[in-house]
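Down below is the structure, laid out as structure tokens.
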Amino acid sequence: MTAALWTEMAWLPSPPDDFKTRVRACADDPDGAGFTLRTLAQYRLSENQCHSLAKAVHKLRSAGNEITGLEPFRLALLSNATTSFLVPALVGTALRYGIQLEVIEAPFNQIASEALDPNSTVNQARPDAALILLDARALPQLGGIGNAEESRLARDQAVAELKGMCDSIEQHAGARCIIQTIPRPPDTALGSLDFRLAGTARQFIDSYNRELDLLLQDSPHIILDTAGLAETVGLGAWHDPVYWNLAKLPFAQPLIPLFADHVCRVLAALRGRSRRCLILDLDNTLWGGAVGDVGVDGIELGQGSAAGEAHLDVQKTALRLRELGIVLAVCSKNDPDVAKQPFERHPEMLLTLDHISVFRANWTHKASNIQDIADTLDLGLQSMVLLDDNPAERGFVRGALPDVAVPELPLDPALFSRTLLAAGYFESVALTQEDRARADAYTGNARRVEIRRQAPDVDSYLKDLDMVMSLAPFQEIDRARLVQLINKTNQFNLTTRRYSETDVRAMFDDPALCTVQARLRDRFGDNGLISIVICR
Numbered sequence: 050m051t052a053a054l055w056t057e058m059a060w061l062p063s064p065p066d067d068f069k070t071r072v073r074a075c076a077d078d079p080d081g082a083g084f085t086l087r088t089l090a091q092y093r094l095s096e097n098q099c100h101s102l103a104k105a106v107h108k109l110r111s112a113g114n115e116i117t118g119l120e121p122f123r124l125a126l127l128s129n130a131t132t133s134f135l136v137p138a139l140v141g142t143a144l145r146y147g148i149q150l151e152v153i154e155a156p157f158n159q160i161a162s163e164a165l166d167p168n169s170t171v172n173q174a175r176p177d178a179a180l181i182l183l184d185a186r187a188l189p190q191l192g193g194i195g196n197a198e199e200s201r202l203a204r205d206q207a208v209a210e211l212k213g214m215c216d217s218i219e220q221h222a223g224a225r226c227i228i229q230t231i232p233r234p235p236d237t238a239l240g241s242l243d244f245r246l247a248g249t250a251r252q253f254i255d256s257y258n259r260e261l262d263l264l265l266q267d268s269p270h271i272i273l274d275t276a277g278l279a280e281t282v283g284l285g286a287w288h289d290p291v292y293w294n295l296a297k298l299p300f301a302q303p304l305i306p307l308f309a310d311h312v313c314r315v316l317a318a319l320r321g322r323s324r325r326c327l328i329l330d331l332d333n334t335l336w337g338g339a340v341g342d343v344g345v346d347g348i349e350l351g352q353g354s355a356a357g358e359a360h361l362d363v364q365k366t367a368l369r370l371r372e373l374g375i376v377l378a379v380c381s382k383n384d385p386d387v388a389k390q391p392f393e394r395h396p397e398m399l400l401t402l403d404h405i406s407v408f409r410a411n412w413t414h415k416a417s418n419i420q421d422i423a424d425t426l427d428l429g430l431q432s433m434v435l436l437d438d439n440p441a442e443r444g445f446v447r448g449a450l451p452d453v454a455v456p457e458l459p460l461d462p463a464l465f466s467r468t469l470l471a472a473g474y475f476e477s478v479a480l481t482q483e484d485r486a487r488a489d490a491y492t493g494n495a496r497r498v499e500i501r502r503q504a505p506d507v508d509s510y511l512k513d514l515d516m517v518m519s520l521a522p523f524q525e526i527d528r529a530r531l532v533q534l535i536n537k538t539n540q541f542n543l544t545t546r547r548y549s550e551t552d553v554r555a556m557f558d559d560p561a562l563c564t565v566q567a568r569l570r571d572r573f574g575d576n577g578l579i580s581i582v583i584c585r
């Protein structure tokens with residue numbers, strides 16, 4: 050597929066014809082505005098439509114209305130380029146992820162002064178995070194092409210200075226930083242030799258990005274891989290000197306909605322709002338053809354045909370996601386015994402029934418089955434993604450369950466996996482051992498639910514689980530998981546307070562605090578770190 054998949058964000062459905070009318074109506078219904086705005090943000094929005102949503106948010110807040118159903122997030126924005134065009138796009142796009150975003154914009158090209166001055170606008174605002182957008186024009190200009198030592202020293206100094214600014218923001222504002230990798234320019238002086246020659250833009254920027262990542266490994270700060278995004282859409286399309294010369298825009302203006310979406314994915318991950326369950330359709334999604342019509346031997350799957358290899362690739366993607374902790378479920382309109390036959394009998398199937406935490410094949414409409422899957426896994430609908438080749442089913446589920454992510458899919462199954470991954474539903478800022486074990490843990494959850502449904506009473510059910518809890522003070526090795534748990538837990542967060550990694554690090558040395566972390570295991574497996582207590 051061409052870069053249009055990304056530049057047009059083709060995984061999102063087209064906005065409705067009455068989009069403007071529905072946005073304007075939010076002012077007349079403040080109580081329902083949060084749900085309406087979030088629903089409208091799920092569409093493939095232009096820059097102007099993002100601005101319309103941002104204006105609606107501003108109007109509601111200016112009138113003193115509380116927008117319910119959205120989580121507040123304060124983001125500082127620092128750059129060597131113009132960012133005023135980006136602010137409304139970020140505010141409008143954040144609604145897609147259930148976030149009510151407030152942006153504190155630093156003055157143009159004042160990154161160092163804003164970061165290092167304790168009394169600066171950014172530090173005094175106490176944001177939840179600071180987004181630092183540097184492009185290649187902020188890097189030192191090298192004069193000695195081929196001088197590896199000069200290039201290394203300049204790189205190390207530039208990375209150290211940026212790390213120092215981030216640490217200053219962490220110290221004075223209590224915020225972690227989100228730092229973008231720098232897209233390299235598309236132009237080369239000596240062609241392929243630029244890749245190896247010290248001091249060229251290609252070599253220097255690649256080295257800078259790698260060194261920046263290494264330096265931030267043991268810090269609370271986060272990498273936003275803008276360089277990877279720019280390469281995906283094409284460096285020539287990303288960099289537009291006309292926009293820079295006219296308005297100091299760091300990338301081409303048509304890519305603003307795409308970039309805003311990538312930023313907001315990270316903000317959602319910081320708030321624990323990434324998706325955690327992939328629900329798979331079967332016929333014409335995991336294999337070609339309807340197994341109930343053509344039988345196991347008649348479905349298209351595996352080597353030897355383009356369609357068979359395409360569906361095999363969908364299974365490979367699902368397995369790779371499961372290895373990273375994404376829970377897999379099945380939702381299919383099918384006879385259950387027939388639907389399971391390819392898993393049990395087809396030699397080319399990569400997925401097995403053991404990989405599937407919940408299997409729902411019946412003739413009930415998919416919205417009901419998806420709700421049942423969520424209940425069985427004890428996950429919210431906001432954690433669900435449905436991969437389904439049928440546009441009618443996709444539309445029905447979107448209408449009935451707007452919290453479920455349902456990517457639009459092209460006709461060719463060869464593009465199913467690429468479209469799913471391009472949507473970024475599973476964005477993460479850290480990967481813990483609990484994350485990796487999550488798929489197995491939720492399979493255990495499903496078995497627990499089945500036992501609960503069969504148990505005569507709650508006491509019998511709990512006794513049958515053979516639960517064992519272990520308690521300990523906060524452990525340094527679990528710090529990433531502690532931060533993750535604090536920021537993604539909503540239902541049983543007794544104070545609703547959020548703590549950054551900086552805050553949690555400080556708790557280890559605070560004699561005024563008593564901290565407790567709890568782990569739980571039962572006969573179905575180890576649930577890992579499930580609860581924390583902070584007493585002052």
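Heads up: the sequence shown begins at 50 in the working numbering, then just goes up one per residue.
For every residue, glycine included, the Cβ atom is placed at its ideal position computed from N, Cα and C.
For clarity, every value in this text was computed on a predicted model and none was experimentally measured.
Could you tell me if residue i is buried or exposed, where buried requires 16 or more neighbouring beta carbons within 10 angstroms of its beta carbon?
{"i": "M516", "result": "exposed"}
{"i": "L460", "result": "exposed"}
{"i": "Q364", "result": "buried"}
{"i": "M518", "result": "exposed"}
{"i": "L261", "result": "buried"}
{"i": "R487", "result": "buried"}
{"i": "D310", "result": "buried"}
{"i": "V446", "result": "buried"}
{"i": "N258", "result": "buried"}
{"i": "C584", "result": "exposed"}
{"i": "H288", "result": "buried"}
{"i": "Q190", "result": "exposed"}
{"i": "P290", "result": "exposed"}
{"i": "S133", "result": "exposed"}
{"i": "R369", "result": "exposed"}
{"i": "T51", "result": "exposed"}
{"i": "Q533", "result": "buried"}
{"i": "A317", "result": "buried"}
{"i": "D332", "result": "buried"}
Tell me residue i's beta-bridge partners as DSSP assigns them.
{"i": "L273", "result": "Q229"}
{"i": "P567", "result": "One point to set straight first is that residue 567 is Ala, not Pro, in the sequence displayed. In DSSP, A567 forms a bridge with L520 and S580."}
{"i": "K382", "result": "N411"}
{"i": "L327", "result": "L377 and V434"}
{"i": "W336", "result": "D332"}
{"i": "G574", "result": "D571"}
{"i": "L180", "result": "L126 and I227"}
{"i": "L150", "result": "F122"}
{"i": "A454", "result": "V434"}
From residue i to residue j, what does the alpha carbon distance come to, in whole angstroms?
{"i": "I272", "j": "D513", "result": "45 angstroms"}
{"i": "H360", "j": "N439", "result": "15 angstroms"}
{"i": "G285", "j": "T545", "result": "45 angstroms"}
{"i": "E358", "j": "T366", "result": "12 angstroms"}
{"i": "F523", "j": "L578", "result": "11 angstroms"}
{"i": "R324", "j": "A301", "result": "29 angstroms"}
{"i": "K389", "j": "T538", "result": "35 angstroms"}
{"i": "A463", "j": "S354", "result": "11 angstroms"}
{"i": "D427", "j": "N494", "result": "7 angstroms"}
{"i": "V387", "j": "T468", "result": "28 angstroms"}
{"i": "V407", "j": "S417", "result": "14 angstroms"}
{"i": "H100", "j": "E476", "result": "24 angstroms"}
{"i": "T588", "j": "R123", "result": "It is not possible to answer for residue 588, since the shown part of the chain is limited to 50 through 585."}
Can you round the beta-carbon distance between residue i and residue j to whole angstroms, since I take them to be within the 8 angstroms contact cut?
{"i": "A155", "j": "E163", "result": "4 angstroms"}
{"i": "A207", "j": "L188", "result": "6 angstroms"}
{"i": "F465", "j": "L436", "result": "7 angstroms"}
{"i": "V282", "j": "W55", "result": "5 angstroms"}
{"i": "R314", "j": "I148", "result": "Not a contact, Cβ separation roughly 11 angstroms."}
{"i": "I405", "j": "L377", "result": "5 angstroms"}
{"i": "G341", "j": "N383", "result": "6 angstroms"}
{"i": "I227", "j": "V171", "result": "Not really, about 13 angstroms apart at Cβ, beyond 8 angstroms."}
{"i": "A125", "j": "A179", "result": "4 angstroms"}
{"i": "A224", "j": "S549", "result": "7 angstroms"}
So what's residue i in DSSP terms, helix, strand or just coil?
{"i": "M214", "result": "helix"}
{"i": "I526", "result": "helix"}
{"i": "L127", "result": "strand"}
{"i": "L202", "result": "helix"}
{"i": "E349", "result": "strand"}
{"i": "G83", "result": "helix"}
{"i": "G493", "result": "helix"}
{"i": "F68", "result": "helix"}
{"i": "A359", "result": "helix"}
Kindly examine the ligand MN and report whether one of its heavy atoms sits closer than 8 angstroms to the Cβ of residue i.
{"i": "L126", "result": "Because no ligand of any kind appears in the structure shown, any question about the ligand MN cannot be addressed here."}
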